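Here the structure is laid out as structure tokens; the discussion comes afterwards.
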Amino acid sequence: MDKITPDDSLPLIEGKAKKIADKIFNRERITDADGLWLYEKAETSVLLLLSSYVREQKSEQKCYYNINAHLEPTNICVNQCRFCDYARSEGEPGSYMFTDEEIKRICIGLRTQKITEIHITGGVHPGKGLFEQCRMIRLIQSELPDVHIKAFTAEEISYMCQKEGLSIEQGLKELKQCGVQSLPGGGAEIFNSPVRKKLCPEKISGERWLMIHETAHHIGLTSNATMLFGHIESYADRIAHLSALRELQDKTGGFNAFIPLTYIPAKRMPPEYHKQSLVNILRNYAVSRLFIDNIPHLKAYWPMTGTETARLSLYFGVDDLDGTNYHPTTIYKTTHSLSREELEEIIHSAGREPQERNSLYSPVQRL
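For reference, each letter of the sequence shown is one residue, going 168 to 534 in the numbering used here.
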């Protein structure tokens, strides 16, 4: 795609869309009402143009990826989220918890992959407090000393701190000291309280999720942010969620990337809730890019979307495809990884420039 300029684009945009486009081209923040209108009324072609313009201003023609691996130590979880088919109760068929030897073996196997990041999340295990989790982090760090450790959702952190009688700040400082270098963005789901209580009644509130990430930012841990969309939420719920993230980013500047996560039909959810259409998924990426003007990167998590949707998302504001996903996640039933060459081919096919990055978006140069 050729570079998008206001002079070329504005003649193609009319009415309310032009007023919003004027704000975007003049680097003015759009309002909640603007965001809602974009979801409800904007032409998809307008969303493509505007989100591509914003993406170019932030990342030019680059599309980022990293060489990473996932580790999910357990699927045993105290929560019973309705959208999750991954979690099991302790002792339930299909439940698992990796031993130290299994974790060590996984880490040793990852050494040859030259990963720069290991992403650690899993179930909220009833028996795992913060100090036990710190012991696991030290084990992983001893086997992969040069690898960035991104670990634990706000949900996991809240539980492990409460189990030890620690404040969130105390717990995060312990995690940082033992080797955690950033936090993933999972567990945000949707912040609207009534919707959240229907989806995941045992989970922490949206306010507590935000507080945990704000605290992490204040002690020097950056993080990502997510939003689960396409279930029982409204467009207004999405805008409120995005607005809360934008407000926190104004305060701390600690979010590296925003990652919209598409709802995948689950056994506990009513059957009328289906996976979003491709067009709606792409529109959501675009509105997210236009509304959250202060989080630098927008990620399409290909293990969840599939590679073709991820490729198309690069035309709708996305500038990051996550990574190789070695030791594939079981949360989204992904059964494969992608090589560096496969990721770069996806990026090239969308007319973009691949850029390997580390966890904090600094370029990685390979010999």
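Where is the CB? At the ideal position from N, CA and C, for every residue including glycine. If you're wondering where the values come from, they're calculated on a predicted model, not measured in any experiment.
Contact check for residue 528 against residue 423 passes: the beta carbons are separated by less than 9 Å.
Residue 417 and residue 391 have their alpha carbons spaced roughly 14 Å apart.
The C-alpha of residue 397 is placed about 31 Å away from the C-alpha of residue 264. About 6 Å separates the beta carbons of residue 358 and residue 411, which is inside the 8 Å limit, making them a contact pair. A direct Cα-to-Cα measurement between residue 199 and residue 414 gives close to 12 Å. Minimum Cα-Cα distance from residue 425 among the listed residues 375, 466 and 323 corresponds to 466.
Looking at the DSSP output, residue 476 shares a beta bridge with no other residue. In the same chain as residue 334, and ignoring 5 residues on each side of it, the C-beta atoms closer than 8 Å to its own belong to 328, in chain order.
Assignment of beta-bridge partners to residue 349 by DSSP yields 317 and 389. Per the DSSP secondary-structure output, residue 524 pairs in a beta bridge with 530. Under DSSP, residue 427 takes part in a beta bridge, and its partners are 394.
Taken through DSSP and simplified to helix, strand or coil, residue 225 comes out as helix. Burial state of residue 420 is exposed, judged by a 10 Å Cβ sphere holding fewer than 16 other Cβ atoms. In this structure the segment 233-247 touches the segment 283-293; the number of beta carbon pairs closer than 8 Å is three or more. Beta-carbon to beta-carbon, residue 326 and residue 524 are separated by about 31 Å, too far to satisfy the 8 Å threshold. The beta carbon of residue 214 lies closer than 6 Å to those of 450 and 453 in the same chain, with the five residues before and after it left out. For the pair residue 345 and residue 388, the Cα-to-Cα distance works out to about 13 Å.
Ranked by Cα distance from residue 493, the first of 273, 472, 293 and 343 is 273.
In the DSSP assignment, residue 487 falls within the beta strand (DSSP E) that extends over 487-490.
Nearest C-alpha to residue 401 among 378, 363, 376 and 431: 363. If you check the CB distance, residue 457 and residue 428 do not come in under 9 Å. Counting along the chain, the unbroken beta strand (DSSP E) around residue 236 starts and ends at 235-238.
Between the segment 476-485 and the segment 239-249, the count of Cβ pairs shorter than 8 Å is below three; the stretches do not touch.
In the three-state scheme derived from DSSP, where H, G and I count as helix and E and B as strand, residue 333 is classed as coil. CA-CA distance, residue 482 to residue 330, rounds to 45 Å. Contact annotation: residue 197 and residue 460 have beta-carbon atoms nearer than 9 Å.
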